[in-house]
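Residue numbers (the UniProt record's numbering): 1 to 258. The C-beta atom is built at its ideal place from N, Cα and C for all residues, glycine as well.
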């Protein structure tokens with residue numbers, strides 16, 4: 001299903017996106033060495049419920065997971081990159097943490113992810129890896145405009161990741177979003193320009209470049225959810241929900257200014 005949002009629905013999408021961006025910003029500001037992913041999950045629950053929103057993850061039970069997920073946020077640490085299930089393990093200085101959050105507010109969902117380093121340590125290669133996913137996300141957003149195609153976004157993302165030297169996995173990528181978290185079309189993180197579904201004003205897309213430092217192969221943890229790099233290499237993941245408008249892509253999930 002591909003939804004085209006009305007003007008009123010787009011206004012609601014902006015509110016949901018602002019909430020997701022604000023919650024991620026708040027959580028990032030609280031994380032220090034010694035914080036556990038379960039602490040972050042508890043904070044996320046409080047912030048979501050206080051806003052009158054609904055988690056997209058608690059009851060999430062797709063075919064690839066061992067569901068339902070049962071938590072309010074995905075917390076992926078170091079070599080974990082997607083669907084990281086929160087566990088009671090303290091984060092250390094220099095850990096690379098990805099927070100991936102999706103909520104529904106007033107019937108419209110928004111989805112975003114940030115990767116950052118915990119504390120003050122800056123392990124080799126970690127900053128460059130995060131930066132590559134952020135630059136790939138910016139390139140994908142720049143390519144998202146009416147009349148373009150999904151392949152234009154995928155090609156723009158893939159060009160950045162490839163030029164940075166990171167292998168690209170296409171099992172998981174971006175997706176349509178709207179009244180539900182995951183919709184068509186799938187947005188791979190590499191592709192051919194001029195191919196795929198044409199973009200129209202009113203579409204919402206969650207664009208999410210992610211990369212593993214030296215492999216394109218994933219393995220699944222015993223928890224049935226957490227996806228890690230097959231080599232144990234570090235990973236990063238950046239995501240925004242964007243609305244296709246007459247003028248291009250409007251980013252809905254930015255952190256609040258200031």
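- Residue 171 sits exposed, since fewer than 16 C-beta atoms from the chains shown fall within 10 Å of its C-beta.
- In this structure, residue 106 lies away from residue 45, with their beta-carbon atoms at least 9 Å apart.
- In terms of Cα proximity to residue 153, the closest of 124, 215, 185 is 185.
- With respect to residue 137, residue 229 sits apart: the two C-beta atoms are not nearer than 9 Å.
- Here the alpha carbon of residue 250 sits roughly 15 Å from the alpha carbon of residue 148.
- If you compare the alpha carbons of 222, 226, 132 with that of residue 189, the shortest gap goes to 132.
- Non-local beta-carbon contacts of residue 43 in its own chain, meaning distances under 7 Å to residues more than five positions away in sequence, involve 27, 30 in chain order.
- Residue pairing by DSSP places residue 108 opposite 105 in a beta bridge.
- In this structure residue 86 is buried. Its beta-carbon is surrounded by 16 or more other beta-carbon atoms within 10 angstroms.
- Three or more Cβ pairs closer than 8 Å define a contact, and the region 6 to 21 falls short of that threshold against the region 64 to 80.
- Between residue 199 and residue 207, the alpha-carbon positions lie close to 13 Å from each other.
- Beta bridge pairing from DSSP links residue 212 with 235.
- Fully enclosed beta strand (DSSP E) runs of no fewer than 3 residues occupy 108 to 117 of the region 99 to 169, in order along the chain.
- A distance below 7 Å between beta-carbons, with the five flanking residues on each side excluded, links residue 216 to the following residues of its chain, in chain order: 167, 168, 169.
- A direct Cα-Cα distance of roughly 15 Å separates residue 65 from residue 181.
- Between residue 144 and residue 244 the beta-carbon gap is near 6 Å, inside 8 Å, which marks them as a contact.
- Cβ neighbours of residue 253 within its own chain (closer than 7 Å, five residues either side excluded): 17, 20, 21, 110, 112, 240, 241.
- A distance below 8 Å between beta-carbons, with the five flanking residues on each side excluded, links residue 139 to the following residues of its chain, in chain order: 156, 157, 159, 160.
- Judged by DSSP secondary structure, residue 48 falls within the alpha helix (DSSP H) whose first and last residues are 37 to 50.
- Between residue 123 and residue 96, the C-beta spacing is below 9 Å.
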